[in-house]
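S.K.: My structure is below; once you've seen it, I'll send some questions.
Residue numbers (full-length UniProt numbering): 1 to 365.
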């Protein structure tokens, strides 16, 4: 199939975003008037660069992302989110093919997004595969929640309706109830999510397991369930880049959304199946989810490598201006400078999004 002619319609809620994906796309996005390379901006730009039409609905309106340790702005209420969606419906602007949802301000907002997703799914009941929901259940990282505790049960009630979820290691543990200590417990956590919640596709976006003597690397682990909810697990390792970046989660989610549908379109008849679940005989490394992830990681690695170079240069320029001063205001300013320097350089590296060279291959687990 020639994917150059495909136009996707996306509805997105993540970091203040809701994306829709189909004949046209709707993207609910928090707007950043200060830093143009904000996390929320990244997802929109990624999808538009790859041919998607995107509309945005703000679920938060912040001056900057929270990686700066400070921000001004407001969070949309669940009622406001629902009202904006109703406005789209009233104008017949709700013909979405896909939805991407991520960080939401509270349990009520999570529930509102669930209501929206179920409404969109209901409209396509008679046409399997015509609507697909990608959910990033943003709750915390590194063993800690950074949302209210009532968000956890709200997400647990929601994930059974999602088609693909994008949790990190901590979020997988939180949703499955399985403490991940090694590959066996990771496989158990993924299996639990398939069996208990019947989630068709799972992509664990960051895994840190003990590997003595190994070169520093990052791993992602994915699975598409079989018709009997059995897992088909693969992993992909990529070299670690020694830097903290802002916006990588949104970039990964947006790339995954587009590349996964592209991979599905390359398998005859799969786009017309419920949740795009491949035949049981398809091996883990041959799954569209695995093929999509290889492209996603290729793009991300190149963009982040270029960002690291630009980041180091920007910090060095600032140090040359400040010199050896150690005033309190300079210490605080340095933290803000480092946050800004780590914003992903996406616009100038857009060709890596459009033309990835897959160097990191999926392996069966």
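Ideal placement from N, C-alpha and C gives every residue a C-beta, glycine not left out.
1. Measure the alpha-carbon distance for residue 107 versus residue 158 and round it to whole angstroms.
2. For the 8 Å Cβ check, are there 3 or more pairs between the segment 162–182 and the segment 291–298?
3. Can you give me the Cβ contacts of residue 218 inside the same chain, cut-off strictly under 6 Å, excluding the 5 residues immediately before and after it?
4. For residue 353, which residues in the same chain have their Cβ closer than 8 Å to its Cβ, ignoring the five residues on either side in sequence?
5. Quick one: Cα of residue 214 to Cα of residue 101, how far?
6. Alpha carbon to alpha carbon, what distance is there between residue 275 and residue 9?
7. Alpha carbons only, please: which of 270, 98, 207 is nearest the one belonging to residue 183?
8. Classify residue 139 as helix, strand or coil using the three-state DSSP reduction.
9. Going by beta carbon distance, what residues of the same chain come within less than 7 Å of residue 68, once the five residues before and after it are set aside?
10. Could you tell me how far apart the beta carbons of residue 313 and residue 246 are, in whole angstroms, since I believe they sit closer than 8 Å?
11. If you follow the alpha helix (DSSP H) that residue 288 is part of, which residue opens it and which one closes it?
12. Exposed or buried, what is residue 244 when buried is set at 16 or more other beta-carbons lying within 10 Å of its beta-carbon?
13. Rounded to whole angstroms, what's the CA-CA distance from residue 220 to residue 80? Just pull it up for me.
14. So what does DSSP say about residue 77, is it helix, strand or coil?
15. Which residues in the same chain have their Cβ closer than 8 Å to the Cβ of residue 82, if we skip the five residues on either side of it in sequence?
16. Can you list, in chain order, the stretches of the beta strand (DSSP E) that have 3 or more residues and sit fully within the segment 258–288?
17. What does DSSP give as the partner residue(s) for residue 346 in the beta ladder?
18. Just the C-alpha distance for residue 178 and residue 186, rounded to the nearest angstrom, thanks.
19. If you compare alpha carbons, which of 262, 151, 167, 120 is closest to residue 52?
20. Unbroken alpha helix (DSSP H) runs of length 4 or more, entirely within the segment 156–229: which are they?
M.R.: Taking the coordinates as given:
1. Position 107 of the chain shown, counted from the start, is the residue given in the question as residue 107. Position 158 of the chain shown, counted from the start, is the residue given in the question as residue 158. If you take the alpha carbons of residue 107 and residue 158, they lie about 11 Å apart.
2. no
3. As a working note, residue 218 is residue 218 in the chain shown. Same-chain partners within the cutoff: 238, 240.
4. What you label residue 353 is simply residue 353 of the chain shown in a count that begins at 1. If we look at residue 353 and ignore the five residues flanking it on each side, its Cβ neighbours are 46, 49, 50, 255, 299, 303, 346.
5. Here residue 214 refers to the residue found at position 214 of the chain shown. Here residue 101 refers to the residue found at position 101 of the chain shown. Taking the straight line from one Cα to the other gives about 35 Å.
6. Reading the chain shown from its first residue, position 9 is the one you call residue 9. Reading the chain shown from its first residue, position 275 is the one you call residue 275. Spanning the two alpha carbons is a distance of roughly 17 Å.
7. Stepping through the chain shown from its first residue, residue 183 is reached at position 183. Considering only alpha carbons, the answer is 207.
8. Within the chain shown, residue 139 is the residue found at index 139, counting from 1. Coil.
9. Taking the first residue of the chain shown as 1, we reach residue 68 at position 68. 336, 339, listed in sequence order.
10. In the chain shown, counting from the first residue as 1, residue 313 sits at position 313. In the chain shown, counting from the first residue as 1, residue 246 sits at position 246. Not confirmed; about 17 Å, so no contact.
11. For the purposes of this step, residue 288 is identified with residue 288 of the chain shown, where counting begins at 1. Here the alpha helix (DSSP H) through residue 288 covers 288–322.
12. Numbered from 1 along the chain shown, position 244 holds the residue referred to as residue 244. Exposed is the call here.
13. As a working note, residue 220 is residue 220 in the chain shown. As a working note, residue 80 is residue 80 in the chain shown. Going by the C-alpha atoms only, they are around 35 Å apart.
14. Walking along the chain shown from the start, residue 77 turns up at place 77. The answer is coil: DSSP assigns residue 77 none of H, G, I, E or B.
15. Here residue 82 corresponds to residue number 82 of the chain shown, with the count starting at 1. Cβ neighbours of residue 82 beyond the five flanking positions: 112, 115, 116.
16. none
17. In the chain shown, residue 346 corresponds to position 346, counting from 1. According to DSSP, residue 346 bridges with nothing at all.
18. Looking up residue 178 in the chain shown gives position 178. Looking up residue 186 in the chain shown gives position 186. Residue 178 and residue 186: Cα-Cα distance of roughly 8 Å.
19. Walking along the chain shown from the start, residue 52 turns up at place 52. When the alpha-carbon of residue 52 is set against those of 262, 151, 167, 120, the nearest one is in 262.
20. 169–176, 183–197
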